[in-house]
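Presented below is the structure to which this report refers.
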Amino acid sequence: MTITVNLNADLGEGFGAYDIGDDDTMLGIVASANIACGFHAGDPLVMTRTVRNAVAKGVSLGAHPSYPDLQGFGRRPLRMSAAEVEAMVAYQIGALMGIAATAGGSVTHVKAHGALNNMAAVDEGLALAIGRAIKGVDPNLIYLATAGSEMARAGRTLGLPTAEEVFADRAYDDNGNLVPRGQPGAMVHDPDVAAANVLRMLEEGVILSVTGTRIPCTVHSVCVHGDEPSAVAMAGNLRRTLEAKGVRIVPLPELRDRF
């Protein structure tokens with residue numbers, strides 16, 4: 001049976017005169033884009049440029065909401081109430097929806113960024129707050145959640161279409177969570193190692209932790225971080241490797257019947 005999966009990247013993460021990552025090239029490789037909505041990166045012009053390029057290349061659009069932390073790129077944990085999280089996520093989704101409408105596109109999924117994503121992966125209340133924001137804006141939006149996380153459970157609890165995601169360029173601990181970026185070995189820099197890891201996840205349904213523990217996983221989508229220097233090489237090699245194995249790469253909405 002042919003394996004079908006989504007390949008996504010976090011894009012639009014520049015700000016003003018500053019660009020981060022090679023978004024134009026990445027948009028020729030991935031099938032879905034998680035676009036920064038202004039809280040950790042991105043501004044109206046960066047968002048517009050990224051959305052237009054994505055629409056032109058047939059790449060599906062996702063909102064990438066974050067804690068309000070431009071200086072820390074959204075990677076610093078913040079203490080916020082569930083109500084605050086729900087409102088700020090809805091606000092950011094709405095911002096991208098407005099930009100998408102001007103470019104003839106539409107937002108079809110939502111994926112939390114950075115510290116918000118990592119905290120919600122293990123915090124049921126936070127995961128549900130994000131999910132309520134998504135559902136309140138549009139219950140047809142796909143909740144793109146870390147595989148096996150509280151977010152995946154929250155999405156299903158709320159009746160949202162929920163896709164589970166793994167990371168090509170990150171290491172995992174024995175609980176199936178991402179190794180914090182500040183720890184040695186948190187990032188996978190070798191494109192061949194990353195591709196082998198992803199193939200294992202797809203073919204065997206397991207994540208291999210840094211200690212060798214095999215953790216069962218469901219995979220609908222694979223992420224390559226667009227802000228890493230090796231992002232283009234990593235994503236390009238991953239796509240070539242997967243397609244050589246007969247794996248089909250499709251935009252996330254095309255997998256709805258699997259959620």
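Numbering-wise (UniProt numbering), the sequence shown opens with residue 1 and increments by one.
Idealized CB from N, CA, C, for every residue including glycine.
Since the structure is predicted, the reported quantities are computational estimates derived from the model, not experimental observations.
Valine 188 counts as buried, since no fewer than 16 other beta carbons sit within 10 angstroms of its beta carbon.
Counting C-beta atoms within 10 angstroms of its own C-beta, tyrosine 172 has 16 or more neighbours from the protein chains shown and is therefore classed as buried.
By the neighbour-count criterion, in which 16 or more other beta carbons inside 10 Å mark a residue as buried, isoleucine 3 falls on the exposed side. Counting only the Cα atoms, alanine 235 lies some 22 Å from glycine 42.
Taking a 10 Å sphere around the C-beta of serine 81, we find fewer than 16 other C-beta atoms and assign the residue as exposed. When DSSP states are grouped into helix, strand and coil, tyrosine 18 belongs to the strand group. Per DSSP, the unbroken alpha helix (DSSP H) holding aspartate 23 starts and ends at 23-26.
Glycine 114 sits buried, since 16 or more C-beta atoms from the chains shown fall within 10 Å of its C-beta. Taking valine 46 as the centre and dropping the five residues before and after it, the same chain places the C-beta of Gly12, Gly14, Phe15 closer than 7 Å to its C-beta, in chain order. Asparagine 6 carries a strand assignment under DSSP once its states are collapsed to helix, strand and coil. Excluding five sequence positions before and after methionine 97, the CB atoms of its chain that fall closer than 7 Å to its own CB belong to Val107, given in chain order. Closest in C-alpha terms to serine 209, from the list Ala168, Gly105, Ile142, comes Ala168.
Measuring C-alpha to C-alpha distances from glycine 28 to each of Val55, Gly104, Asp19 identifies Val55 as the nearest.
Taking one beta carbon from each stretch, the stretch 77-94 and the stretch 132-145 have 3 or more pairs nearer than 8 Å; the two touch. Under the criterion of beta carbons closer than 8 Å, valine 110 and leucine 144 qualify as touching, at roughly 7 Å. Using a Cβ distance threshold of 9 Å, serine 221 and asparagine 53 do not count as a contacting pair. Distance from isoleucine 249 to alanine 31 at the Cβ level is roughly 5 Å; contact confirmed, criterion being Cβ atoms closer than 8 Å. The shortest C-alpha to C-alpha distance from threonine 157 to any of Arg181, Gly105, Ile130 is the one to Ile130.
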